[in-house]
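Have a look at the structure below before the remarks.
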Amino acid sequence: MARLGIALVAAGVLLRAALYFPLALFQIDSDGTLAGLCAFRVAAGGYPLFFPGGTRLSAASCYVAAAYFHLLGDGRVGLALTGLTWGALYLAFSWLFLRALLGDRLGCIAMIFVVVPPEQFMTVTYVPWAYGEIMASCAATLWLATLWRHEGRTWQRVAFGMSAGFGIWISLQTLMVTLPVLIWIAWRRRTATLREAIGAGLGFVVGAAPFIIGNATNGASSLTHNWASQAAPNGAVVVDNIIWFVVAQVPKLLFHEPAGWLSLSTPLILGYATVAAGFTIAIARDRDGKYAEEWQLIWLVFAGVFLLYVASQAGSMRGWTVRYIAPLYLIVPIVCSIGATALWSFRKWLAVGAVVLVTLPNFWLYSLPGTKTRAGLTQGLKDDEHLRAMLARRGIRMIYGDYFWVYHINFDSRERIAGVPSWTGGDYFHYDRQLGDADVRWALLGGHEEVQNWARAVGARGALTPDGDLWAFVADRPARAGTLIASLRRLLH
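Sequential numbering of the sequence shown, starting at 4, is according to this note's numbering.
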């Protein structure tokens with residue numbers, strides 16, 4: 004069974020590798036290239052402690068990407084391997100955790116759901132933008148917490164503390180798992196917990212050193228200037244967050260887009276409902292406490308995710324925010340494995356059918372080679388290559404447009420072309436300031452009418468060139484960068 008678990012980890016790595024290779028745009032590509040831009044700073048001698056844009060996420064991926072760039076050269080291969088590295092660690096730590104908690108047989112069943120998670124979870128964690136490392140960190144903390152709860156050896160406690168501390172640096176979101184498992188450990192070990200916590204505390208200080216140093220030199224900005232860590236302003240907002248959590252976030256995390264009975268979400272809903280029924284039966288019949296610790300852990304982690312989400316400003320964000328509850332999925336494989344086992348004892352075909360329904364549709368929803376989504380991302384990368392070649396031929400130094408359309412150009416052009424976003428807050432590396440007010444040849448990128456309106460508003464003339472679904476306007480005369488950017492951004496207000 005242990006070999007089967009390792010084989011499942013390897014299968015998971017191969018599945019994730021297929022999301023990266025052959026190369027294509029990342030989903031939400033401009034966010035996906037930020038670690039690469041940050042890695043350029045590392046290569047230039049910088050030592051960032053946090054991801055660009057504040058002190059909410061660690062700079063761990065910046066250093067991983069910089070290492071790959073040093074070995075393989077700057078480019079998307081190194082970025083893809085950065086994401087794959089965190090994905091492989093997540094899979095490995097998940098197997099160690101599930102094996103320690105459930106044993107070899109049940110752990111292998113649970114690993115099926117780790118290897119083939121819901122599409123939204125896969126999308127959140129494969130892009131190298133900090134959420135892959137959040138999940139890897141949480142999985143490592145769950146594994147070490149299980150060892151501490153069962154055995155409590157010194158190395159286990161110290162390692163748990165280091166993992167929890169490192170997780171705090173990765174993101175305060177890891178508290179959604181760390182706080183619940185501390186209660187879970189204390190629940191079993193009771194009076195020994197405080198004495199044992201000394202080693203864990205020392206390990207925590209070591210693991211959290213980058214977080215501590217970064218905040219000590221920046222006025223505890225991870226707490227004071229981190230919008231996600233701020234409390235919800237009032238009870239009405241909390242209630243609204245609870246409703247959003249129940250009706251939007253959890254369904255989207257598990258079912259992709261639960262719209263209509265003829266979508267791929269339908270089998271997912273039926274599959275999860277079936278394994279949930281099996282889990283309910285297993286817990287109801289568990290009179291000897293066989294699943295007591297699993298049940299405790301499930302509810303504690305659920306409560307941790309739920310309470311921290313609805314009580315924070317992160318829970319008040321709307322739109323595509325499923326990543327803010329992604330740690331919730333870490334307990335879903337436990338529920339599914341127990342549920343599937345209960346169904347197997349009742350009707351084997353029902354158990355197999357439920358597992359198939361929960362996993363198989365995801366292969367069509369992932370952006371794997373051969374899918375419509377992947378074809379679009381592959382074509383998008385080719386379109387961008389043609390666009391950059393055209394801009395380079397015309398000596399363009401700056402291209403302005405929506406953050407999601409232009410910011411990754413900074414990475415792919417190795418910063419030779421400044422992709423300046425229309426949203427000031429999205430210019431994490433301040434390319435607008437770097438340009439100053441120098442005369443530059445420039446272009447616009449956006450919808451057909453949009454770029455024409457922008458050009459007309461600033462009195463520019465030039466040529467329009469198609470770029471996939473977008474259009475590039477190339478001005479026929481240079482302009483002062485700072486003045487031009489200020490004029491264009493005023494059009495948004």
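Even glycine gets a Cβ: it sits at the ideal position worked out from N, Cα and C.
Tell me residue i's beta-bridge partners as DSSP assigns them.
i                 : result
methionine 401    : Ala421 and Trp445
arginine 483      : Asp442
leucine 60        : Ser174
phenylalanine 476 : Leu447 and Leu467
alanine 234       : Ser315
Would you mind stating whether residue i and residue j have Cβ atoms separated by less than 8 Å?
i              : j                 : result
valine 361     : valine 278        : yes
glycine 274    : glycine 342       : no
glycine 56     : tyrosine 431      : yes
methionine 179 : proline 330       : yes
serine 340     : leucine 22        : no
arginine 160   : alanine 203       : yes
leucine 267    : tryptophan 367    : yes
arginine 152   : tryptophan 187    : yes
leucine 11     : valine 118        : yes
alanine 219    : alanine 314       : no
aspartate 405  : serine 425        : yes
serine 174     : leucine 7         : no
glycine 164    : phenylalanine 207 : yes
alanine 46     : alanine 69        : yes
glutamate 136  : serine 64         : yes
threonine 58   : asparagine 229    : yes
isoleucine 301 : valine 355        : no
Exposed or buried, what is residue i when buried is set at 16 or more other beta-carbons lying within 10 Å of its beta-carbon?
i              : result
glycine 383    : buried
serine 348     : exposed
leucine 226    : exposed
alanine 83     : buried
glutamate 297  : buried
aspartate 479  : exposed
methionine 4   : exposed
cysteine 486   : Note on identity: in this sequence residue 486 is threonine, with cysteine being the wrong assignment. Flag for threonine 486 reads exposed.
valine 358     : buried
isoleucine 246 : exposed
tyrosine 93    : buried
glutamine 176  : buried
leucine 495    : exposed
arginine 326   : buried
arginine 79    : buried
glycine 292    : exposed
tyrosine 332   : buried
arginine 19    : buried
histidine 433  : exposed
Could you check what DSSP says for residue i in three-state terms: helix, strand or coil?
i                 : result
proline 270       : helix
leucine 105       : helix
valine 130        : coil
valine 161        : helix
proline 469       : strand
tryptophan 98     : helix
phenylalanine 53  : strand
serine 370        : coil
phenylalanine 407 : helix
glutamate 297     : helix
valine 119        : coil
glycine 462       : coil
methionine 125    : helix
tryptophan 190    : helix
asparagine 413    : helix
alanine 211       : coil
histidine 228     : coil
histidine 389     : helix
serine 490        : helix
asparagine 456    : helix
methionine 114    : helix
Taking 8 Å as the CB-CB cut-off, is residue i touching chain C?
i              : result
isoleucine 412 : Considering every chain present, this structure includes no chain C. It has just one protein chain.
Should residue i be counted as a contact of the ligand SAM given a C-beta to heavy atom distance under 7 Å?
i          : result
glycine 35 : The ligand SAM is absent from the structure shown, which contains no ligand whatsoever.
Tell me whether the stretch 85–98 and the stretch 311–320 touch, counting them as touching only if at least three CB pairs, one residue from each stretch, are closer than 8 Å. Taking 8 Å as the limit for Cβ pairs, the verdict is that the stretch 311–320 does not touch the stretch 85–98.
If you pair each beta-carbon of the stretch 142–151 with each one of the stretch 91–106, do three or more pairs fall below 8 Å? Yes, they touch.
Does the stretch 23–39 come close enough to the stretch 397–414 that 3 or more CB-CB pairs lie under 8 Å? Taking a cut-off of 8 Å for Cβ pairs, the stretch 397–414 and the stretch 23–39 touch, as three or more such pairs fall below it.
The stretch 208–224 in contact with the stretch 162–169 per 3-pair CB rule at 8 Å: A contact exists between the stretch 208–224 and the stretch 162–169.
May I ask you to verify whether the stretch 106–115 touches the stretch 125–136, counting CB pairs closer than 8 Å and requiring at least 3? Contact fails: fewer than three Cβ-Cβ distances are below 8 Å.
Tell me, please, whether the stretch 240–250 touches the stretch 197–206 by the rule of three or more beta-carbon pairs shorter than 8 Å. Touching, no, given that fewer than three Cβ pairs across the two stretches are closer than 8 Å.
Determine, using beta-carbon pairs with one atom in the stretch 389–403 and one in the stretch 293–313, whether at least three such pairs fall under 8 Å. Cβ pair count under 8 Å is below three, so no.
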